[in-house]
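Colleague: Residue numbers (my numbering): -7 to 421. Just so it is clear, CB atoms sit at the ideal spot from N, CA and C, and this is done for glycine as well. Remember, predicted model here, so these are calculated numbers, not experimental data.
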Ligand SMILES: Cc1cc2nc3c(=O)[nH]c(=O)nc-3n(C[C@H](O)[C@H](O)[C@H](O)COP(=O)(O)O)c2cc1C
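#1: Please report the Cβ distance between residue 66 and residue 52, rounded to the nearest whole angstrom; I am assuming they are in contact, meaning their Cβ atoms lie under 8 angstroms.
#2: I'd like to confirm something about residue 374: is its beta-carbon nearer than 7 angstroms to some heavy atom of ligand 1, or not?
#3: Please check the pair residue 39 and residue 112, which I expect to be a contact at CB under 8 angstroms, by giving their CB distance rounded to whole angstroms.
#4: Would you call residue 167 buried or exposed, if buried means 16 or more other Cβ atoms sit within 10 Å of its Cβ?
#5: Which residue comes first and which comes last in the alpha helix (DSSP H) that contains residue 422?
#6: If you run the structure through DSSP and keep just helix, strand and coil, what is residue 22?
#7: Could you check whether residue 80 and residue 161 sit closer than 8 angstroms to each other, using their CB atoms as the reference points?
#8: Please tell me whether, using a cut-off of 7 angstroms, the distance from the CB of residue 357 to the nearest non-hydrogen atom of ligand 1 is below it.
#9: Give a yes or no on whether the C-beta atoms belonging to residue 289 and residue 20 are separated by under 8 angstroms.
#10: Measuring straight from C-alpha to C-alpha, what distance separates residue 342 and residue 126?
#11: Would you tell me roughly how many angstroms separate the C-alpha atoms of residue 85 and residue 401, rounded to the nearest one?
#12: Quick check on DSSP: helix, strand or coil for residue 409?
#13: In this structure, how does DSSP classify residue 97 when only helix, strand and coil are distinguished?
#14: Helix, strand or coil: which one does DSSP assign to residue 204?
#15: Can you name the residues that DSSP bridges to residue 77?
#16: In the DSSP assignment, find the unbroken beta strand (DSSP E) run with residue 228 in it and report its ends.
#17: Looking at residue 403 and ligand 1, is the gap between the Cβ and the nearest heavy atom below 7 angstroms?
#18: List the residues that DSSP assigns as beta-bridge partners of residue 425.
#19: Report yes if the C-beta of residue 389 is less than 7 angstroms from at least one heavy atom of ligand 1; otherwise report no.
#20: Is there at least one Cβ from chain D nearer than 8 angstroms to residue 54's Cβ?
#21: What does the Cβ neighbour count give for residue 265, buried or exposed, with the cut at 16 atoms within 10 Å?
#22: State whether the region 295 to 302 contacts the region 227 to 245, with contact taken as three or more CB pairs (one from each stretch) at a distance under 8 angstroms.
#23: Count Cβ pairs between the region 331 to 351 and the region 254 to 265 that sit closer than 8 angstroms; are there 3 or more?
#24: Flag this pair as yes or no: are the beta carbons of residue 260 and residue 187 separated by less than 8 angstroms?
#25: Using the rule of at least 16 other Cβ atoms within 10 Å of the residue's Cβ for burial, across every protein chain shown, is residue 129 buried or exposed?
#26: Tell me whether residue 88 counts as near ligand 1, meaning its Cβ is closer than 7 angstroms to at least one heavy atom of that ligand.
#27: To the nearest angstrom, report how far apart residue 3 and residue 376 are at their CA atoms.
#28: So, do the region 346 to 358 and the region 243 to 257 have three or more beta carbon pairs nearer to each other than 8 angstroms?
#29: Can you give me the Cβ contacts of residue 321 inside the same chain, cut-off strictly under 6 angstroms, excluding the 5 residues immediately before and after it?
#30: Classify residue 316 as helix, strand or coil using the three-state DSSP reduction.
#31: When you compare only the Cα positions, how much space is there between residue 118 and residue 146?
#32: Helix or strand or just coil, what does DSSP make of residue 284?
#33: Determine the contact status of residue 158 and residue 212, defining contact as a CB-CB distance below 8 angstroms.
#34: Please determine whether the Cβ atom of residue 229 lies at a distance below 7 angstroms from any heavy atom of ligand 1.
#35: Check residue 418 in the structure and name its three-state DSSP category.
#36: Among 391, 105, 93, which one has its Cα closest to the Cα of residue 174?
What follows is the structure, encoded as C-alpha cells:
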C-alpha cells in the first residue's frame, strides 16, 4: 500500500453493485432493488389502460426497473378522484394483462397501486348523491366547481362495500398478471384520510385514538392479504408526515408502520404529504402554477388556481433523499422491507439508501425523465439523474396522451404521434 492510499479516508465496504442485487419479496424475486414509484400516467380511456400505458411500463422494464408500479387505479367508480381515471373491473383485465405481459417480456415485474379517493374527489358522477364519502362530514373545496361541495361521513355499510371493492380489485389485479399490489394509504386519499387526525374527526370506533384510526386500513389490509394468500406481495404506501398542521407526524407514522408489519404488509413505501393540502410536500421543487392552470379544463378552475394558487399551494425546496430523516425513524422500528422514496437522484443515493438498511429504493420523476436510468447506473454510464425537478410532469399527466417529461423533446414528440394515432381513445389489449 502506498502512503497516499493509507492517508485516504476509508470508504464503507459496500459492494458497488448492491442496488443491482436481487431481492425476494414474498413469492416474488426482483432482479434488483429499483422500484418505479407510482406516478399517475393519465394513459386511460373510459377507465381502461391505453396502448400508451403498455408502452410506458414496457419502457421502464426495458430500462432496468425491477418493479414498475401502475399508478392510482380506483377500486370502484365512486373511489375516483376524477372521472377519467383508471379503474379495475372484469372488463378491464385484458387491458391490464397487456401491460403486465409487456413488463414480463422485458424481465421486469409489475405492481398495481389500488386506491380510493374518499372525500378528495371532483368526479362529476357523484353529483346529487350522498357523495363523496370520507371519514367525517366536511367541505370539499376541490369538488366545489364540479358540483360536489361536501364530503359525507362513511357509515358501516359503506366501509363494508369499500373493503370488498379493495379485495375484488386486488384479486382481479392478480388475474391480470400483476406480481404485486400496492395499497395507497398515503397522500390524503381515503385510507390516509382515516389515518390522519386532520381529516378524521369521528367519535366512533374509527376515529380518535390511533388504534381507532388504524381500524379500517388494517381491515382492508387483512382482507386483501387473506384473499391473495401469504406469499403474494402486498406493499403499502404510507405517509411519514402529512405536511399539514394538525396532521399525521412521524411519531404516529412509526406506530402505523409497526401495525402494518403485524397486519401482513410485505413492504412499505415511505412517502408523505396530502395532495389536497400539501401537494409539494410530497414532491419538493418548483411549483409549475402556469402549466397547472393551462391544463385545468374549466375557466372557473383556471381563475381559482390563478388567484389562490400562489397563496395556498405552498412551496418546499428540493433536496436529495428528502424523506430520509423521517424514513430512518421507521427503519429503526420495523423489520419488514422498506422502500426509500423521495429525491433519489443519483447512483450514490441508491447505494446510500441500501447502506442505511433500506432494502428497496423507489424513484418517480427520475424515471419519468429517463426510463433507461437503472441500466445506465448499472453499466456505469450515468452517475445522476437529469431531472431538474421542474415538476412540469404534474401538468403533463393531464394532457391528452398522458404523462411525459416536458424537458425531453423526444418524449413530447412521441406523445404527439401517439395522440395522432388515436392511442388516447383506445383500450390496450
Ligand atoms: C407526475 C406525478 C404523478 C404522481 N402520481 C402519483 C400517484 O398516482 N400515486 C402516488 O402514490 N404518488 C404519485 N406521485 C408521487 C410519486 O410517487 C413520488 O412519491 C414523488 O414523485 C416523490 O418521488 P421522486 O422524488 O422520486 O419523484 C406522483 C408524482 C408525479 C411527479
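Modeller: Straight from the coordinates:
#1: The Cβ separation is near 22 angstroms, so there is no contact.
#2: The answer is no for residue 374.
#3: About 18 angstroms separates the two Cβ atoms, so there is no contact after all.
#4: Answer is exposed; the Cβ neighbour count stays below 16.
#5: Since the first residue shown for the chain is -7 and the last is 421, residue 422 is missing from the structure and cannot be characterised.
#6: Reduced to three states, the DSSP call for residue 22 is strand.
#7: Cβ distance < 8 angstroms, so residue 161 and residue 80 count as in contact.
#8: Yes, ligand 1 has a heavy atom inside 7 angstroms of this Cβ.
#9: In this structure, residue 20 does not lie closer than 8 angstroms to residue 289 by Cβ.
#10: When rounded, the separation of the alpha-carbon atoms in residue 342 and residue 126 is 37 angstroms.
#11: Taking C-alpha positions only, residue 85 is separated from residue 401 by approximately 33 angstroms.
#12: It is helical.
#13: In the three-state reduction of the DSSP assignment, residue 97 falls in the helix class, which pools H, G and I.
#14: Secondary structure of residue 204 (DSSP, three-state): helix.
#15: In DSSP, residue 77 forms no bridge with anything.
#16: 226 to 231 is the span of the beta strand (DSSP E), which, as asked, contains residue 228.
#17: No, the beta carbon of residue 403 sits no closer than 7 angstroms to any heavy atom of ligand 1.
#18: What the structure shows of the chain is the stretch from -7 to 421, and residue 425 is not part of that stretch, so it cannot be assessed.
#19: Yes, since a heavy atom of ligand 1 falls inside the 7 angstroms radius drawn around the Cβ of residue 389.
#20: Absence of chain D from the displayed structure is noted, only one protein chain being present.
#21: Buried.
#22: With the cut-off at 8 angstroms, the region 295 to 302 and the region 227 to 245 do not touch.
#23: The region 331 to 351 is in contact with the region 254 to 265.
#24: Going by beta carbons, residue 260 and residue 187 fall outside the 8 angstroms limit.
#25: With fewer than 16 other Cβ atoms within 10 Å, it is exposed.
#26: No, since every heavy atom of ligand 1 falls outside the 7 angstroms radius drawn around the Cβ of residue 88.
#27: Because residue 3 sits at a pLDDT of 48, beneath the cut-off of 50, its placement in the model cannot be relied upon, and the following sentence gives the value as read from the coordinates. Approximately 20 angstroms between the Cα atoms of the pair.
#28: Cβ pair count under 8 angstroms is below three, so no.
#29: Only 242, 246 meet the Cβ criterion.
#30: Helix at residue 316.
#31: Their backbone Cα atoms lie some 15 angstroms apart in a straight line.
#32: Three-state DSSP puts residue 284 in a helix.
#33: Yes. Within cutoff.
#34: The answer is yes for residue 229.
#35: Coil.
#36: Nearest C-alpha to residue 174: 105.
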